[in-house]
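Note that numbering that gives the first Met the number 0 numbers the sequence shown so that position 146 is 145, with each residue one more than the last.
Built from N, CA and C at the ideal position, the CB exists for glycine as well.
Values in this document were obtained by computation on a predicted structure and should not be read as measured data.
One structure is given below, encoded as structure tokens.
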Amino acid sequence: MNTPLKISILAGAMFALTACNNGNDTRAIEDTKAAEIWPKLDIAVKQDQEVEAAVKEIIASMTLKQKVAQMIQPEIRDITVEDMRTYGFGSYLNGGGAFPNNNKHSTAEDWIKLADDMYLASVDESVDGTNIPTMWGTDAVHGHNNVIGATLFPHNIGLGAANNPDLIEKIASVTATEVMVTGIDWVFAPTVAVVRDDRWGRTYEGYSEDPEIVRNYAASIVKGLQGHADKDFLSDSRVISTVKHFIGDGGTVKGDDQGDNISSEQALFDIHAQGYVGGLTAGAQSVMASFNSWHGDKVHGNKYLLTDVLKDKMGFDGFVVGDWNGHGQVKGCTNDSCPQSINAGLDIFMVPTDAWKPLYENTIAQVKDGTIPMSRINDAVTRILRVKVRAGLFDKPSPADRKFSGKTELIGQQSHRDVARQAVRESLVLLKNKNNLLPLNPKLSILVAGDAADNIGKQSGGWSITWQGTNNTNADFPGGTSIYEGLQQQVTAAGGTINLNVDGEFEDKPDVAIVVFGEEPYAEGHGDRENLSYQQGDKRDLALIKKLNAQGIPVVSIFISGRPMWINAELNASDSLVAAWLPGSEGNGVAEVVLANADGSVQHDFKGKLSFSWPKSAEQSNVNFGDTDYAPLLPYGFGLTYQDENVLDDNLSEFVALDVDKAQVRHLYTGTMHQPWLMHLFTGDKEMLVSANSHQMEGLAYRTVDREVQEDSFSIKLDGNELAGVRIRSKSSFREDITKDLLLQSSLSMLVKLDSQPTDKVYIAMNCEAFSEEKGSCRTQLDITESVNALPLGEWSSLSFDLKCFADKGIKFEKIVSPFSLESEGALQLSVSDINLVPQTAKEATISCQ
Numbered sequence: 000m001n002t003p004l005k006i007s008i009l010a011g012a013m014f015a016l017t018a019c020n021n022g023n024d025t026r027a028i029e030d031t032k033a034a035e036i037w038p039k040l041d042i043a044v045k046q047d048q049e050v051e052a053a054v055k056e057i058i059a060s061m062t063l064k065q066k067v068a069q070m071i072q073p074e075i076r077d078i079t080v081e082d083m084r085t086y087g088f089g090s091y092l093n094g095g096g097a098f099p100n101n102n103k104h105s106t107a108e109d110w111i112k113l114a115d116d117m118y119l120a121s122v123d124e125s126v127d128g129t130n131i132p133t134m135w136g137t138d139a140v141h142g143h144n145n146v147i148g149a150t151l152f153p154h155n156i157g158l159g160a161a162n163n164p165d166l167i168e169k170i171a172s173v174t175a176t177e178v179m180v181t182g183i184d185w186v187f188a189p190t191v192a193v194v195r196d197d198r199w200g201r202t203y204e205g206y207s208e209d210p211e212i213v214r215n216y217a218a219s220i221v222k223g224l225q226g227h228a229d230k231d232f233l234s235d236s237r238v239i240s241t242v243k244h245f246i247g248d249g250g251t252v253k254g255d256d257q258g259d260n261i262s263s264e265q266a267l268f269d270i271h272a273q274g275y276v277g278g279l280t281a282g283a284q285s286v287m288a289s290f291n292s293w294h295g296d297k298v299h300g301n302k303y304l305l306t307d308v309l310k311d312k313m314g315f316d317g318f319v320v321g322d323w324n325g326h327g328q329v330k331g332c333t334n335d336s337c338p339q340s341i342n343a344g345l346d347i348f349m350v351p352t353d354a355w356k357p358l359y360e361n362t363i364a365q366v367k368d369g370t371i372p373m374s375r376i377n378d379a380v381t382r383i384l385r386v387k388v389r390a391g392l393f394d395k396p397s398p399a400d401r402k403f404s405g406k407t408e409l410i411g412q413q414s415h416r417d418v419a420r421q422a423v424r425e426s427l428v429l430l431k432n433k434n435n436l437l438p439l440n441p442k443l444s445i446l447v448a449g450d451a452a453d454n455i456g457k458q459s460g461g462w463s464i465t466w467q468g469t470n471n472t473n474a475d476f477p478g479g480t481s482i483y484e485g486l487q488q489q490v491t492a493a494g495g496t497i498n499l500n501v502d503g504e505f506e507d508k509p510d511v512a513i514v515v516f517g518e519e520p521y522a523e524g525h526g527d528r529e530n531l532s533y534q535q536g537d538k539r540d541l542a543l544i545k546k547l548n549a550q551g552i553p554v555v556s557i558f559i560s561g562r563p564m565w566i567n568a569e570l571n572a573s574d575s576l577v578a579a580w581l582p583g584s585e586g587n588g589v590a591e592v593v594l595a596n597a598d599g600s601v602q603h604d605f606k607g608k609l610s611f612s613w614p615k616s617a618e619q620s621n622v623n624f625g626d627t628d629y630a631p632l633l634p635y636g637f638g639l640t641y642q643d644e645n646v647l648d649d650n651l652s653e654f655v656a657l658d659v660d661k662a663q664v665r666h667l668y669t670g671t672m673h674q675p676w677l678m679h680l681f682t683g684d685k686e687m688l689v690s691a692n693s694h695q696m697e698g699l700a701y702r703t704v705d706r707e708v709q710e711d712s713f714s715i716k717l718d719g720n721e722l723a724g725v726r727i728r729s730k731s732s733f734r735e736d737i738t739k740d741l742l743l744q745s746s747l748s749m750l751v752k753l754d755s756q757p758t759d760k761v762y763i764a765m766n767c768e769a770f771s772e773e774k775g776s777c778r779t780q781l782d783i784t785e786s787v788n789a790l791p792l793g794e795w796s797s798l799s800f801d802l803k804c805f806a807d808k809g810i811k812f813e814k815i816v817s818p819f820s821l822e823s824e825g826a827l828q829l830s831v832s833d834i835n836l837v838p839q840t841a842k843e844a845t846i847s848c849q
């Protein structure tokens, strides 16, 4: 990564990439060929006979109930300490947004107390008859990110730009220390996805599109978390690590989170398995199964991948843990019953919500009736106990009495923040620097603008205190520094002047403006996008930059994002532009690069190089080096230093291609639901997924009906007691980007047969935020009562509604969760068919806002 055009090639047939990128590969699973594809890894942690003997002795004394309990991992919001005492779960977790006492501001002492209480309950044999210590797993993906005051490092995409494996190992070691302060044993990291389509909402969790960087980083992270196999492996200064998500999550079609990977088996290894080659060879003790499918088969139920490949061929002897109810997505399974996953090789069910209890009971019953072989249970428990013995959990004191427990001064301590600040400096990539504007002399008069300038939550992104990284303020990051604060400290010390105004307003004209802007925080599927255009249809940040341009003020843009994006217009308008990714809690690291010393000398030069190719169009989302038609705007490995000449002019194409002639109808419901949409019924705050041809809720009846063919429509009847109706929403309430439909002047269209006149107002509603964490913050209703009352009774008629009507009311089409909700507080009976978004029909819609 020392030169802008560095292309890394792995040995052998590593990069036959084009076919993979184009999705033309065919699956070939022939044993002879598979043996050549998947190597037996030389894993640094070898089996020890004393460990194996100890595990065998423990298992010999266990009942079936005790064994199955080791395989159940509930979440802290769904179990009590008494549940742990009664069942003796092998592990438990805190998911994103879960905290001790359900309090985001829980102290380190609160975390330790819960860890200690759970541990002591697990080893209390008075109820369940076992004294096997439990494990607490947590998503510490860029530091101990669930804990107030912890050091938050740049997300993985920024670390990939730094390309410094030694630094990565330091980061992992610091993370392990801060995690252990709170009494936790196990970290769900590193993510080793090799991202092939940057529309994926988890792109920032990937280090690079280059499997080599991912392979090397995986080894470094594992060593930093767990220690070196020949030195301090799983000592009292280390935690258990997890390489995730096995396998292919970064290569799904169109970057769809939890989608389908159709790579060939060779490409699956060459591209998507390299992180496992690195991480498992270094001794990672757990692997998390992925939500995605491979050629239509969910990995959580894929025996070939979980057992034949991972365990048998590659030689992994630790355990495989599921992801958040991922087993429930396997064909024939539900959240509370899935023998298919266990038989496929899953060792631990991650089962949040109250589904843990029926899952536990059903699994026991399935072993008793022979559906799950006892040998498979024994193998799973052997693997779990092997890791626990290796980690010394049977010998360590309770969490409150361990080496780092309670040493709260270690959380966010200065030496840890220094490592994070170094990571910020090395992750920054300079994309443009016209007239050598950077570095800025701190003695200048500087205006700082943009809504990300003084916003630690926005610069930290998802997985920052809360799951989505939203609903945080700077006060939620004590000890952290916003980008503005870092700039202010240095400018003030040098005798310059600096003013913050988010909107770019000023009284005295500054010498230069720094505009900090970018993506709002998101996590997982909520970040999936339809294309890579930044602020498509709402270029408010561009308007800010241009406003400063018009006043003759040079502009340095600091772009915050979880992926490369098409920002040609913003690049054209900026004199300098820095890709800062998601730098975390230490925003002062940005100032140390973009500002010079007081004497004008360089503090720190830019070191970051693109580990992801930068797109030249909004649609160029799957451009990866090695493609035969590789032609990004900026290539993999690009990154200016202060010694380099600027290469980007101010005339990049800003043309947005909207081919109206080729625009297609976006189908939501045509007798069946279209991906990624699901249909729900609701009355008040109660909701039900439509999964049969008839449903009955209090105050609402639903059934399928025939319009042209069997069951191509549905009927709903509301009794008028409270707000009720039918809602279409995305799977898992993930946000979907349908901005293109708005730009294409689409209307929301449906066929309706009115069976009785409504007794109250009827609405079509949309929602562009989740229904839980951000409930009500981006929702609007369109009153369609007059249009409905005008319909003839008993006849099918068309109704359509201009999407601009919803945009005018504040709906953000890049964040749609529910594009359709038909609802009323009155009595209503009607039938509905063909719910679609139809291009170029807004002007003629039943209700138009053009």
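- Out of Pro614, Cys804, Gly503, Phe187, the CA that lies nearest to the CA of Gly94 is found in Phe187.
- For a cut-off of 8 Å, the C-beta gap from Asp255 to Asp527 is around 6 Å, short enough to register as a contact.
- Restricting attention to Leu594, Pro582, Leu581, the CA atom closest to the CA of Ser575 is found in Leu594.
- The closest CA to that of Ser444, considering only Asn434, Leu486, Ser262, is found on Leu486.
- Asn377 carries a helical assignment under DSSP once its states are collapsed to helix, strand and coil.
- Cβ atoms of Phe611 and Gly638 stay farther apart than 8 Å, at about 12 Å.
- Counting only residues of its own chain and dropping the five nearest sequence neighbours on each side, Lys760 has a CB closer than 8 Å to the CB of Asp782, Thr784, Ser823, Glu824, Gly825.
- Contact between Val555 and Leu437 holds, since their C-beta atoms are separated by about 6 Å, short of 8 Å.
- Taking 9 Å as the cut-off, the Cβ atoms of Gly136 and Tyr91 count as close.
- Within its own chain, the residues whose Cβ lies closer than 8 Å to the Cβ of Val601, once the five positions on either side in sequence are excluded, are Pro438, Ala595, Tyr641, listed in chain order.
- For the pair of segments examined, the stretch 342–353 was found to touch the stretch 321–331: the number of CB pairs separated by less than 8 Å reaches three.
- When secondary structure is reduced to three states using DSSP, Ile167 falls in the helix class.
- DSSP, read as helix, strand or coil, puts Tyr629 in coil.
- If you ignore the 5 residues before and after Ala617, its C-beta comes within less than 6 Å of the C-beta of Asn530, Leu531, Ser532, Trp565, all in its own chain and listed in chain order.
- Residue nearest to Asp540 within the set Asp475, Asp450, Ser714 is Asp450 (criterion: CA-CA distance).
- Excluding sequence positions up to five before and after Ala493, its CB lies within less than 6 Å of the CB of Pro441, Lys442, Ala597, all in the same chain and listed in chain order.
- At a cut-off of 3 residues, the continuous stretches assigned as beta strand (DSSP E) that sit fully inside the stretch 414–500 are 428–432, 444–448, 496–499.
- In the three-state reduction of the DSSP assignment, Pro210 falls in the helix class.
- With respect to the 9 Å criterion, Pro520 and Gly460 are classified as neighbours on the basis of their beta carbons.
- For Asn454, the closest alpha carbon among the candidates Leu543, Gly517, Val787, Asp196 is that of Gly517.
- The beta carbon of Phe805 lies closer than 7 Å to those of Met765, Thr779, Leu781 in the same chain, with the five residues before and after it left out.
- In this model, Ala590 and Ala419 are separated by some 14 Å (Cα to Cα).
- In the three-state reduction of the DSSP assignment, Trp110 falls in the helix class, which pools H, G and I.
- Beyond the five residues adjoining it in sequence on each side, Ile810 comes within less than 6 Å, by CB distance, of Met765, Cys767, Thr779 in the same chain, given in chain order.
- Scanning its chain for C-beta atoms nearer than 7 Å, with the 5 sequence neighbours on each side dropped, one finds around Glu697 the residues Thr682, in chain order.
- Ser125 sits close to Arg84, with the two beta carbons spaced by under 9 Å.
- Here His679 is bridged, per DSSP, to Leu688, Arg726.
- When secondary structure is reduced to three states using DSSP, Val837 falls in the strand class.
- Within its own chain, the residues whose Cβ lies closer than 6 Å to the Cβ of Phe812, once the five positions on either side in sequence are excluded, are Ile737, Thr738, Leu741, listed in chain order.
- In the DSSP assignment, Trp355 is bridged to no other residue.
- DSSP places Asp127 within a helical segment (H, G or I) once states are collapsed to three.
- Remark: C-beta atoms of Ile270 and Val193 approach each other more closely than 9 Å.
- Your pair Pro582 and Pro153 checks out as a contact, with CB atoms roughly 5 Å apart and the cut at 8 Å.
- Each residue's CA atom was taken as its position, placing Ser714 and Ser830 some 4 Å apart.
- For the pair Tyr701 and Val664, the Cα-to-Cα distance works out to about 26 Å.
- Two segments are said to touch when three or more pairs of C-beta atoms, one from each, lie closer than 8 Å; by this definition the stretch 422–434 touches the stretch 150–168.
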